[in-house]
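1 is the number of the first residue of the sequence shown in UniProt numbering; add one for each residue after it.
We put the beta carbon where it would ideally sit given N, CA and C, even for glycine.
Each remark here refers to the structure printed beneath this line.
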Amino acid sequence: MTGFLVGISNPKDIIFFVSFFPQFIHVTESFKGSIALLSLLWIIIDLSILFAYIFLMRQKLALKYKRKIEVASSVTLLLIALGGIFYSGSTLLNQ
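The following block contains the structure:
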């Protein structure tokens, strides 16, 4: 329960949900469906990343492969950013 309270009161997550989610509210026809789908996707992605961190730290591979982890994280974030740019650009051009 303590972990949940810490997570739910995390300012980073609060700012993320308030600033990021409203852009994608119309994913499905219903508001509730959109919020449920986006929340479920966020939970799956967040837990996957946290489990990967836990696995790496338990295996003590983080120090051994630190540079590779940094490069993989950087490439992933760059691809997400580029995807957002292309999506936004195509949306603007189609208006």
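Assumed close pair residue i, residue j - CB separation to whole angstroms, cut-off 8 Å
i     : j     : result
Ser34 : His26 : 6 Å
Inter-residue Cα distance where the pair is residue i and residue j
i     : j     : result
Gly83 : Thr76 : 11 Å
Val71 : Phe51 : 19 Å
Ile54 : Ser9  : 22 Å
Leu41 : Leu5  : 20 Å
Lys60 : Ile44 : 24 Å
Ile69 : Ile49 : 12 Å
Ala36 : Phe17 : 13 Å
Phe20 : Leu63 : 33 Å
Simplified DSSP assignment, three categories, for residue i
i     : result
Lys60 : coil
Glu70 : helix
Gln95 : coil
Ser9  : coil
Tyr87 : helix
Ser34 : helix
Closer than 6 Å: residue i CB and nearest the ligand GTP heavy atom
i     : result
Lys68 : Among the components of this structure there are no ligands whatsoever, and the ligand GTP is therefore not found.
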